[in-house]
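Chemist: One structure coming up, written as C-alpha cells, with questions to follow.
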Amino acid sequence: MPDPLVKIEGLTRRFDVSKPWLNRVIERDDKQFLTANADVSFEIAKGETFALVGESGSGKSTIAKMVVGLLPPSAGTIRFDGQRIDASLGIPRSLRRRFQMIFQDPFASLNPRWRVGEIISEPIRTFGLMNATDARAEAARLLEVVGLSASDVTKYPHEFSGGQRQRIAIARALSSKPEFIVCDEPTSALDVSVQAQILNLMRDLQDEFGLTYLLISHDLSVVRHMATRIGVLYLGRLVEVAQGKRLFAEPQHPYTRMLLDAVPDLALSGRRRRPVEGEIPNPISPPSGCAFHPRCPLAFDRCRTEIPQPRPTPAGQAACHALDDMVPA
Amino acid sequence: MTPETQAPQTKAPGRLYRAWDSDLAYAFRTAPVAIVATLVVLVVVFCSVFAPLIAPMNPYNPAALNLMNGFTPPMEPNAFTGEVFLLGADGQGRDMLSTIMYGTRTSLFVGAMAVLFAMVMGISIGLFAGWRGGWVDSALMRIADVQLAFPAILIALLVFGIARGFIPDGLRDQLAIWVLIVAIGLSDWVQFARVVRGASMVEKNKEYVQAAQVIGAHPLKIMFRHILPNVMGPVLVIATISLALAIIAEATLSFLGVGVPPTQPSLGTLIRVGQGFLISGEWWILLFPAVTLLALALSVNLLGDWLRDALNPRLR
Numbered sequence: 001m002p003d004p005l006v007k008i009e010g011l012t013r014r015f016d017v018s019k020p021w022l023n024r025v026i027e028r029d030d031k032q033f034l035t036a037n038a039d040v041s042f043e044i045a046k047g048e049t050f051a052l053v054g055e056s057g058s059g060k061s062t063i064a065k066m067v068v069g070l071l072p073p074s075a076g077t078i079r080f081d082g083q084r085i086d087a088s089l090g091i092p093r094s095l096r097r098r099f100q101m102i103f104q105d106p107f108a109s110l111n112p113r114w115r116v117g118e119i120i121s122e123p124i125r126t127f128g129l130m131n132a133t134d135a136r137a138e139a140a141r142l143l144e145v146v147g148l149s150a151s152d153v154t155k156y157p158h159e160f161s162g163g164q165r166q167r168i169a170i171a172r173a174l175s176s177k178p179e180f181i182v183c184d185e186p187t188s189a190l191d192v193s194v195q196a197q198i199l200n201l202m203r204d205l206q207d208e209f210g211l212t213y214l215l216i217s218h219d220l221s222v223v224r225h226m227a228t229r230i231g232v233l234y235l236g237r238l239v240e241v242a243q244g245k246r247l248f249a250e251p252q253h254p255y256t257r258m259l260l261d262a263v264p265d266l267a268l269s270g271r272r273r274r275p276v277e278g279e280i281p282n283p284i285s286p287p288s289g290c291a292f293h294p295r296c297p298l299a300f301d302r303c304r305t306e307i308p309q310p311r312p313t314p315a316g317q318a319a320c321h322a323l324d325d326m327v328p329a
Numbered sequence: 001m002t003p004e005t006q007a008p009q010t011k012a013p014g015r016l017y018r019a020w021d022s023d024l025a026y027a028f029r030t031a032p033v034a035i036v037a038t039l040v041v042l043v044v045v046f047c048s049v050f051a052p053l054i055a056p057m058n059p060y061n062p063a064a065l066n067l068m069n070g071f072t073p074p075m076e077p078n079a080f081t082g083e084v085f086l087l088g089a090d091g092q093g094r095d096m097l098s099t100i101m102y103g104t105r106t107s108l109f110v111g112a113m114a115v116l117f118a119m120v121m122g123i124s125i126g127l128f129a130g131w132r133g134g135w136v137d138s139a140l141m142r143i144a145d146v147q148l149a150f151p152a153i154l155i156a157l158l159v160f161g162i163a164r165g166f167i168p169d170g171l172r173d174q175l176a177i178w179v180l181i182v183a184i185g186l187s188d189w190v191q192f193a194r195v196v197r198g199a200s201m202v203e204k205n206k207e208y209v210q211a212a213q214v215i216g217a218h219p220l221k222i223m224f225r226h227i228l229p230n231v232m233g234p235v236l237v238i239a240t241i242s243l244a245l246a247i248i249a250e251a252t253l254s255f256l257g258v259g260v261p262p263t264q265p266s267l268g269t270l271i272r273v274g275q276g277f278l279i280s281g282e283w284w285i286l287l288f289p290a291v292t293l294l295a296l297a298l299s300v301n302l303l304g305d306w307l308r309d310a311l312n313p314r315l316r
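Residue numbers (the UniProt record's numbering), protein chains in the order written: chain D, 1 to 329; chain A, 1 to 316.
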C-alpha cells in the first residue's frame with residue numbers, strides 16, 4: 001500500500017489500575033496494570049474505511065481515543081500523513097484540524113446548554129477558520145448537508161431525536177473540513193431504522209468530501225456495510241486484518257470464525273447459529289501465549305506459550321499458530 | 001423535517017413566553033410558599049434599595065433628628081412633639097422604620113457581595129480541582145475539609161481580626177464593610193467548591209467535553225464555557241441558601257460588635273443596640289429589626305429550598 005494516511009505501529013496502552021499507595025503497602029500488593037492494547041499495527045489508506053471490530057473490552061475505543069489524541073499511548077506510534085499524533089507530546093493545531101471524531105452517544109456528545117449553531121461552528125471558531133458571521137452561515141449550510149434544516153441553528157440539542165442529534169454531531173465533525181474522521185460506534189445508540197440512514201449519510205459524505213474513516217463497531221452488519229478493510233481485535237490485540245467482503249467470505253482466524261458464526265441472519269437460512277463460547281478473559285491477567293487459546297477449538301501446546309505474530313493470508317493477515325499448517329508458506 | 005412540522009414555527013415564540021411556559025415557572029406558580037417568600041423578599045429588597053427615596057427620614061442626618069422624640073412607642077403621638085412613628089423611635093429620636101430600611105440596605109449589600117465573592121472563588125477552585133483531578137484535587141479538597149471543620153462564624157472572626165491588624169487606623173471604618181464581605185465570603189466558598197467539583201467531575205467525562213478536546217480547545221474555555229453552564233443548577237440553589245446564611249452571619253458579627261462601623265448600622269447592629277433597651281421596656285427598638293431579619297432570612301431560605309426541589313428531577 002503506497003503512502004498510507006494513517007500508520008499505526010506497535011501501539012500499546014496500559015492503564016494503572018493499582019489500589020492506592022497505602023493499600024498496596026499494607027496488603028503487600030504490586031502495582032497492577034490493565035493492558036487495553038498490545039502491539040497493534042495497521043495502516044489506513046486515503047479514502048478507505050478501516051473498521052475495528054471486537055467484543056466489549058477488546059480495546060476498540062482505547063485505540064480511537066489514542067488516534068485522536070485524547071489518550072497518550074504507552075508505547076508505539078501513530079502517524080498521520082507522516083506527523084506523530086501523541087497526546088503527551090502536544091499536537092500542533094494545523095494537524096488537529098485535519099482529523100475529527102464522531103462519538104457513540106449523541107445524547108452526551110452535544111453540550112445541552114449550547115445552541116446547535118454554536119455547537120457546529122465550535123471547530124471553525126477554535127481553529128479560526130472564518131469570522132463569526134461566516135461561521136454562522138457555514139453552520140446553517142452544514143445542517144442542510146447532513147439533511148436537517150438551516151433554521152435549526154437556533155435550537156437546542158434536546159429538541160432533536162437521537163438520529164437528528166447524530167447528524168448534528170456529523171455536521172460538527174465536518175465543519176473544520178477534516179480529511180480523517182474517527183467514528184466510535186456511531187450508530188450503536190440509535191434505533192435500527194435510523195442506523196442505516198446515518199451510515200448512508202456517512203458514505204455519501206465520504207464520496208463527496210473524500211473522507212477517510214476509522215470505524216469502531218461491535219456490530220458486524222454495520223462493518224460489512226461500511227468497511228473497505230476490517231481489523232478484528234481480541235483482548236487488545238489485532239488477530240486478523242482482511243479486505244471487507246472477504247473477511248466474511250473466508251475468515252482465517254478461529255476467533256473471527258467464531259464471531260461470524262454467532263451473527264443472526266434475517267434470511268433465516270435454517271443454519272444453526274453457534275453462540276460465542278466462553279467469556280473474554282480478564283485483561284489484567286491475560287492468558288499466556290495466544291490470548292484466545294482458552295476459547296479456541298484449534299488450540300495446541302504452542303498456543304499456550306508463544307504469542308502468535310501476524311502472517312499473511314490471501315485477504316490480509318492473521319495472527320494464529322494454527323494457520324501455519326493451513327496456509328502453505 | 002417535513003414541511004408540515006416546519007410551517008407553524010415561522011414565528012418563534014418570544015423569550016418571555018418561553019420563560020412563562022417553562023417547567024420552573026410552572027413549579028413556581030403552583031407553590032404558594034415560593035410566591036409568598038418571593039413577595040417578602042421583593043418588598044424588603046425594594047424598600048432597602050430605594051430607602052433614600054421612600055424612607056420617612058434619613059436617620060443618619062443629625063439635622064433631621066429631634067431628641068425630644070426619643071423612645072416614642074409605635075403608633076403613639078410623642079408627648080412633647082406630637083409626632084407619630086409607625087414603628088416607634090429609638091433613644092435618639094430616629095424613626096425605626098427608616099433605620100430598618102437603611103439597615104437592611106447594609107445587610108443585603110454585605111450578604112450579596114459576600115455570596116458573590118464566595119461563588120466566584122468556590123466555582124473557580126471547584127472547576128479547577130474537578131478538571132485536574134489527582135493530587136491537585138486532593139490538596140484543594142483537603143484544605144476545604146479542614147476549613148469545613150471550623151464553624152463559619154469563627155473563620156469570619158479570624159479573617160476579620162487579622163485584616164483589622166493589617167489595615168491602618170484611618171482606613172478602618174472605610175474598609176470595614178469590605179473586610180466583612182471578604183470574611184464572610186471566605187467562610188462560605190467551600191460549599192460552592194465541593195458542589196462544582198463533584199458536578200464537573202461527572203461532566204468532564206461526557207463526550208461533548210471530549211469533542212472539544214479533540215479540536216484542542218483551551219482547558220479554561222472547556223471549564224468555563226462547556227462545563228460551568230452545566231453545573232450552574234445546584235450552584236444557584238446553594239447561592240440562594242448561602243445568601244440567607246450570609247445575612248445572618250453579618251448580623252451575628254455586627255451583634256458581636258465586630259461588623260460594620262456604627263456610621264453604617266446593619267440589622268445586626270440595630271439588634272445589638274435594641275437589646276439594651278429591652279429590659280427597660282422599649283421593646284420596639286429590638287423587635288422590629290429582629291422581625292425584619294427573620295422574615296428576610298426565612299424567605300430567602302424557603303426560596304432556596306423550593307428551588308432545590310424544583311430543580312431536582314427526582315422530586316418532580
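Ideal placement from N, C-alpha and C gives every residue a C-beta, glycine not left out.
Quick one: what does DSSP say Arg15(A) is sitting in, helix, strand or coil?
Modeler: For the purposes of this step, residue 15(A) is taken as the residue at position 15 of the second sequence. Reduced to three states, the DSSP call for Arg15(A) is helix.
Chemist: What are the boundary residues of the beta strand (DSSP E) that Phe33(D) is part of?
Modeler: Here residue 33(D) is taken as the residue at index 33 of the first sequence, counted from 1. Its beta strand (DSSP E) spans residues Phe33 to Ile44.
Chemist: Verify the CB distance criterion: does Asn58(A) have a CB-CB separation below 8 Å to chain D?
Modeler: As a position in the second sequence, residue 58(A) is number 58, starting the count at 1. No, Asn58(A) does not count as interfacial toward chain D.
Chemist: Can you say whether Asp95(A) is buried or exposed, counting buried as having 16 or more other CB atoms within 10 angstroms of its CB?
Modeler: As a working mapping, residue 95(A) is identified with position 95 in the second sequence. With 16 or more other Cβ atoms within 10 Å, it is buried.
Chemist: State yes or no: is the beta carbon of Ile91(D) nearer than 8 Å to at least one beta carbon in chain A?
Modeler: Taking the first residue of the first sequence as position 1, residue 91(D) is located at position 91. It does; some Cβ of chain A falls within 8 Å.
Chemist: Per the DSSP calculation, Ala184(D) is bridged to which residue(s)?
Modeler: Here residue 184(D) refers to the residue found at position 184 of the first sequence. Here residue 184(D) is Asp; the residue named in the question, Ala, does not match the sequence. DSSP lists Ile216(D) as partners of Asp184(D).
Chemist: From which residue to which residue does the alpha helix (DSSP H) around Thr106(A) run?
Modeler: By 1-based counting over the second sequence, the position of residue 106(A) is 106. Run containing Thr106(A): Met96 to Arg132, per the alpha helix (DSSP H) assignment.
Chemist: Taking DSSP's pairing of strands, which residues face Tyr234(D) in a bridge?
Modeler: On the first sequence, residue 234(D) is found 234 positions in, with the first residue counted as 1. DSSP lists Arg237(D) as partners of Tyr234(D).
Chemist: Which residues of chain D have a Cβ atom closer than 7 Å to the Cβ of Ala217(A), listed in chain order?
Modeler: On the second sequence, position 217 is the one that residue 217(A) refers to. Simply Thr126.
Chemist: Can you find the residues in the same chain that come closer than 6 Å, C-beta to C-beta, to Gly185(A), ignoring five residues on each side of it along the sequence?
Modeler: Reading the second sequence from its first residue, position 185 is the one you call residue 185(A). Contacts found: Ala114, Phe117 and Ala118.
Chemist: Using a Cβ-Cβ distance cut-off of 8 Å, determine whether Val327(D) contacts chain A.
Modeler: For this step, residue 327(D) is matched to residue 327 along the first sequence. Unreliable placement is indicated for Val327(D), whose pLDDT of 47 sits below 50; no coordinate value is reported for it.
Chemist: Determine the DSSP secondary structure at Pro328(D), reduced to helix, strand or coil.
Modeler: Sequence index remark: in the first sequence, residue 328(D) carries index 328 (1-based). Any answer about Pro328(D) is weak, because its pLDDT of 47 lies below 50 and its placement is not dependable; what the coordinates show is given next. Pro328(D) falls in the coil class under three-state DSSP.
Chemist: At least one CB of chain A closer than 8 Å to the CB of Ala108(D): is that the case?
Modeler: Position 108 of the first sequence, counted from the first residue, corresponds to residue 108(D). At least one chain A Cβ lies under 8 Å of Ala108(D).
Chemist: Should Asp3(D) be flagged as near chain A, meaning a C-beta pair shorter than 8 Å?
Modeler: In the first sequence, the residue the question calls residue 3(D) occupies position 3. No, because no Cβ of chain A sits closer than 8 Å to the Cβ of Asp3(D).
Chemist: Please classify Met226(D) as buried or exposed, where buried requires at least 16 other C-beta atoms within 10 Å of its C-beta.
Modeler: Your numbering for residue 226(D) matches position 226 in the first sequence. By the 10 Å Cβ count, Met226(D) comes out buried.
Chemist: Where does the unbroken beta strand (DSSP E) through Gln100(D) begin, and where does it stop?
Modeler: In the first sequence, residue 100(D) corresponds to position 100, counting from 1. From DSSP, the beta strand (DSSP E) with Gln100(D) extends over Phe99 to Ile102.
Chemist: Contact between the stretch 117-127 of chain D and the stretch 203-213 of chain D is defined here as three or more beta-carbon pairs at a separation below 8 Å; is this criterion met?
Modeler: No, the stretch 117-127 of chain D does not touch the stretch 203-213 of chain D.
Chemist: Answer yes or no: the CB of Asp23(A) versus the heavy atoms of the ligand MG, is any distance below 7 Å?
Modeler: The ligand MG is not part of this structure, which contains no ligands at all.
Chemist: Beta carbons nearer than 7 Å to chain D: which residues of the stretch 233-244 of chain A have them?
Modeler: Residues: none.
Chemist: Just checking: is the beta-carbon of Leu215(D) within a distance shorter than 8 Å of some beta-carbon in chain A?
Modeler: Indexing the first sequence from 1 puts residue 215(D) at position 215. Not closer than 8 Å to any Cβ of chain A, the Cβ of Leu215(D) fails to qualify, so no.
Chemist: Under a Cβ-count criterion, where at least 16 other Cβ atoms within 10 Å of its own Cβ denotes burial, should Pro62(A) be classed as buried or exposed?
Modeler: Here residue 62(A) is taken as the residue at index 62 of the second sequence, counted from 1. That one is exposed.
Chemist: Short of 6 Å in beta carbon distance, which residues of its chain neighbour Met68(A), apart from the five on each side in sequence? Order them along the chain.
Modeler: Translated into the one-based positions of the second sequence, residue 68(A) becomes position 68. Excluding residues within five positions, the ones whose Cβ falls inside 6 Å are Phe80 and Thr81.
Chemist: Return the Cβ separation of Ala211(A) and Ser109(D) in integer angstroms, given the expectation that the two are a contact with Cβ distance under 8 Å.
Modeler: In the second sequence, counting from the first residue as 1, residue 211(A) sits at position 211. In the first sequence, counting from the first residue as 1, residue 109(D) sits at position 109. About 6 Å separates the two Cβ atoms, so the contact holds.
Chemist: Would you list, in chain order, the members of the stretch 43-70 of chain D that have their beta-carbon closer than 9 Å to a beta-carbon of chain A?
Modeler: Result list: Lys65, Val68, Gly69 and Leu70.
Chemist: With 9 Å as the limit, tell me which residues of the stretch 159-178 of chain D have their beta carbon closer than that to any beta carbon of chain A; keep them in chain order.
Modeler: Answer in chain order: Gln164, Ala169, Arg172, Ala173 and Ser176.
Chemist: Between the C-alpha atoms of Ile8(D) and Asp23(A), what's the straight-line distance to the nearest angstrom?
Modeler: Taking the first sequence and counting its residues from 1, the one referred to as residue 8(D) is at position 8. Taking the second sequence and counting its residues from 1, the one referred to as residue 23(A) is at position 23. Between Ile8(D) and Asp23(A), the C-alpha separation is close to 50 Å.
Chemist: Among Glu240(D), Ala291(D), Pro73(D) and Asn282(D), which one has its Cα closest to the Cα of Pro315(D)?
Modeler: Against the first sequence, residue 315(D) aligns to sequence position 315. In the sequence under discussion, the amino acid at residue 315(D) is Ala, which differs from the Pro named in the question. For Ala315(D), the nearest C-alpha among the options comes from Glu240(D).
Chemist: Roughly how many whole angstroms lie between the Cα atoms of Ala7(A) and Glu250(A)?
Modeler: Residue numbering aside, residue 7(A) sits at position 7 when the second sequence is read from its first letter. Residue numbering aside, residue 250(A) sits at position 250 when the second sequence is read from its first letter. The pLDDT assigned to Ala7(A) is 42, lower than 50, so where the model puts this residue is not dependable; a value taken from the coordinates is nonetheless given after this. Taking the straight line joining both Cα atoms gives about 56 Å.
Chemist: Less than 8 Å between the CB atoms is what I'm expecting for Leu108(A) and Leu97(A), so what's the real figure, rounded?
Modeler: For this step, residue 108(A) is matched to residue 108 along the second sequence. For this step, residue 97(A) is matched to residue 97 along the second sequence. No, Leu108(A) and Leu97(A) are not in contact; Cβ-Cβ is about 16 Å, not under 8 Å.
Chemist: So Arg96(D) contacts chain A; which residues on that side make the cut at Cβ distance below 9 Å?
Modeler: The sequence position of residue 96(D) within the first sequence is 96, counting from 1. In chain order: Val214, Ile215 and Gly216.
Chemist: So, does the CB of Glu9(D) fall closer than 8 Å to a CB anywhere in chain C?
Modeler: The question asks about chain C, but that chain is absent: this structure's protein chains are D and A.
Chemist: Is DSSP giving Phe224(A) helix, strand or coil here?
Modeler: Translated into positions along the second sequence, residue 224(A) becomes position 224. If DSSP states are grouped into helix, strand and coil, Phe224(A) belongs with the helices.
Chemist: Could you run through the stretch 110-144 of chain D and flag, in chain order, every residue whose CB is less than 9 Å away from some CB of chain A?
Modeler: Those residues of the stretch 110-144 of chain D that come within reach of chain A (Cβ to Cβ, closer than 9 Å) are Leu110, Asn111, Pro112, Arg113, Trp114, Ile119, Glu122, Pro123, Thr126 and Phe127.
Chemist: Look at the Cβ atom of Gly103(A), then the Cβ atom of Leu270(A), and state whether they are nearer than 8 Å.
Modeler: On the second sequence, residue 103(A) is found 103 positions in, with the first residue counted as 1. On the second sequence, residue 270(A) is found 270 positions in, with the first residue counted as 1. Yes, these two residues count as a Cβ contact at 8 Å.
Chemist: Less than 8 Å between CB atoms is the rule here; does Gln197(D) satisfy it with respect to chain A?
Modeler: Reading the first sequence from its first residue, position 197 is the one you call residue 197(D). Not one chain A Cβ lies under 8 Å of Gln197(D).
Chemist: Give the straight-line distance between the Cα atoms of Ala295(A) and Asp188(A), rounded to the nearest whole angstrom.
Modeler: Residue mapping note: residue 295(A) aligns to position 295 of the second sequence, counting from 1. Residue mapping note: residue 188(A) aligns to position 188 of the second sequence, counting from 1. The alpha-carbon atoms of Ala295(A) and Asp188(A) are separated by roughly 22 Å.
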